[in-house]
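Student:
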Amino acid sequence: IPAVKGVEFGAGFRIASMKGSEANDQYAIRDGKIVTLTNNSGGIIGGLSNGMPIKVRVAFKPTPSISKRQRTVNLKTMEEEEIQIAGRHDPCIVPRAVPVVEACLAFVLADHALRAEKIPRIIKSFRES
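Under the working numbering, think of the first position of the sequence shown as -3, with each following residue one higher.
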C-alpha cells in the first residue's frame, strides 16, 4: 500500500521493550473456549492465527503534496529549485486509507484460507446448516 511505513500486530514495536513474562500471551479457558488473557501477539503467532482477534496497526507517512514551498532538484537542469504544489490535493489520506487497509487484510486472510483449503469446508458447512 503506497505511503505505508510501518505495520504492527498486537503490542507491535512496544513488545521489544517488554520482558518475556510481560509479552507472553498466557492461555486460559473462558466460557469453554481456549483464549489468551492478553493479546500482545495481535492474534498472530509465528504467522498463524491463535484464535484471538487479529489486531493490526498501520503507520502512514504524511502526504508530501502540501502547499508549503519545498526544495527540490530540477532533473533537466540539475539545479536546485523551490516548488509549490498547486491544485486540489488531499492533506490527509486517512479517510481513504482505512478501507484500503481493511480490503488488503481481508484479501490476504482469504488467500491464506484458500491455501489452507478452509474456504470449501466453510461453504459446505454453511450449505449444510
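Every residue gets a Cβ at the ideal spot worked out from N, C-alpha and C, and that includes glycine. Keep in mind it's a predicted model, so treat the numbers as computed, not measured.
Report buried or exposed for S37, applying the criterion of at least 16 other Cβ atoms within 10 angstroms of its Cβ.
Tutor: Classification of S37: buried, given that the 10 Å Cβ count is 16 or more.
Student: Would you list the one or two residues that DSSP bridges to Q66?
Tutor: I79, per the DSSP bridge assignment.
Student: Rounded to whole angstroms, what's the CA-CA distance from E78 to S61? Just pull it up for me.
Tutor: Their backbone Cα atoms lie some 14 Å apart in a straight line.
Student: Rounded to whole angstroms, what's the CA-CA distance from V96 to A102? Just pull it up for me.
Tutor: Near 10 Å, if we compare the C-alpha coordinates of A102 and V96.
Student: Using the C-alpha atoms, what's the distance from F122 back to N46?
Tutor: Straight-line Cα distance between these residues: approximately 23 Å.
Student: With distances taken Cα to Cα, identify the nearest neighbour of R65 among K57, M74, I81, A99.
Tutor: If we check each option's Cα against that of R65, I81 comes out closest.
Student: Quick check for students: name the residue ranges of the alpha helix (DSSP H) that lie wholly in the segment 2 to 38, counting only runs of 4 or more.
Tutor: Fully enclosed alpha helix (DSSP H) runs of 4 or longer: 16 to 19.
Student: Put A55 into one of helix, strand or coil per three-state DSSP.
Tutor: Strand.
Student: Alpha carbons only, please: which of Q22, R53, T32, A12 is nearest the one belonging to V3?
Tutor: When each option's Cα is compared against that of V3, the closest is R53.
Student: Is it right to say T32 is buried, meaning 16 or more other beta carbons lie within 10 angstroms of its own, or is it exposed?
Tutor: That one is buried.
Student: If you compare alpha carbons, which of I118, T59, I119, R111 is closest to K1?
Tutor: It is T59 whose Cα lies nearest to the Cα of K1.
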